[in-house]
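Reviewing the structure listed below.
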Amino acid sequence: MPPFDVAIACDHAGFPLKSPLLAALEARGVAVLDLGTGGAERVDYPDFANLLAAALKDGRAARGILICGSGIGISMAANRFPWVRAALVHDALGARMSRLHNDANVIVFGSRMIGIDVAVDALETFLDTAFEGGRHARRVAMLSEPPLMNGPTYEGIAVP
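All the letters of the sequence shown, read from the start, carry residue numbers 0 to 159 under numbering that gives the first Met the number 0.
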């Protein structure tokens with residue numbers, strides 16, 4: 000079992016949402032690894048996605064939370080790593096489905112796109128929902144090792 004249940008990281012634009020999420024996690028007794036940023040000074044979101052991906056890979060945390068202004072950039076940065084399944088969510092239903100069908104291990108928020116109460120509700124749903132497995136397990140396994148482009152075909156599909 001990792002020493003932390005959840006790691007959290009954000010850029011400057013995500014910082015305003017980070018404190019309410021940390022408070023919600025603390026109220027639930029969740030052990031949190033805070034990877035920054037610690038304020039509103041401009042920083043680069045890929046750096047924080049990288050820190051969180053490293054924490055997942057080396058076993059310091061079981062799941063992650065990432066926040067930037069839109070949620071798009073930081074989720075793209077995190078999903079470069081094959082062991083990360085980061086899902087940008089906008090409500091509890093998205094959080095639930097990301098866990099049930101996709102076994103997401105990182106929830107991503109856009110602080111400029113979601114209200115605090117909706118984000119807290121989505122986070123709690125994410126933490127409380129287990130992966131359904133079954134028919135979804137094969138698809139999730141396909142995400143772990145991205146296939147490489149080799150020659151004129153891609154997994155049997157002709158590439159123009």
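Note that CB positions come from ideal geometry on N, CA and C, so glycine has one too.
Exposed or buried, residue i, counting other C-beta atoms within 10 Å across all chains shown (16 or more means buried)?
| i | result |
| --- | --- |
| ASP90 | exposed |
| GLY72 | buried |
| LYS56 | exposed |
| GLY37 | exposed |
| ALA77 | buried |
| GLY133 | exposed |
What residues are listed by DSSP as bridge partners for residue i?
| i | result |
| --- | --- |
| PHE3 | ALA60 |
| ALA85 | VAL105 |
| ILE73 | In the DSSP output, where bridge partners are listed per residue, ILE73 has none listed. |
| VAL31 | VAL5 |
| LEU65 | ALA8, VAL107 |
Along the chain, where does the beta strand (DSSP E) containing residue i start, and where does it finish?
| i | result |
| --- | --- |
| LEU142 | Run containing LEU142: none in the beta strand (DSSP E); it sits in the alpha helix (DSSP H), 134 to 143. |
Among the options, which one has its Cα closest to the Cα of residue i?
| i | options | result |
| --- | --- | --- |
| PHE80 | ALA54, ASP33, GLY37 | ALA54 |
| ALA121 | GLY133, ILE106, LEU99, HIS135 | ILE106 |
| VAL42 | GLU25, ARG27, ASN104, ASP10 | ASP10 |
| HIS135 | LYS17, MET96, ALA26, SER18 | MET96 |
In terms of residue numbering, what span does the alpha helix (DSSP H) encompassing residue i cover?
| i | result |
| --- | --- |
| ASP164 | Nothing about residue 164 can be read from this structure; the chain reaches only from 0 to 159. |
| LEU16 | 14 to 26 |
| ARG95 | 91 to 99 |
Would you say the beta carbon of residue i comes nearer than 7 Å to a heavy atom of the ligand FMN?
| i | result |
| --- | --- |
| ASP46 | Because no ligand of any kind appears in the structure shown, any question about the ligand FMN cannot be addressed here. |
Grab me the residues of residue i's own chain with a C-beta within less than 7 Å of its C-beta, minus the 5 sequence neighbours each way, in chain order.
| i | result |
| --- | --- |
| LEU34 | ALA6, ILE7, ALA8, PHE47, LEU50, LEU51, ALA54 |
| LEU142 | ARG84 |
| GLY58 | PRO1 |
| GLY28 | none |
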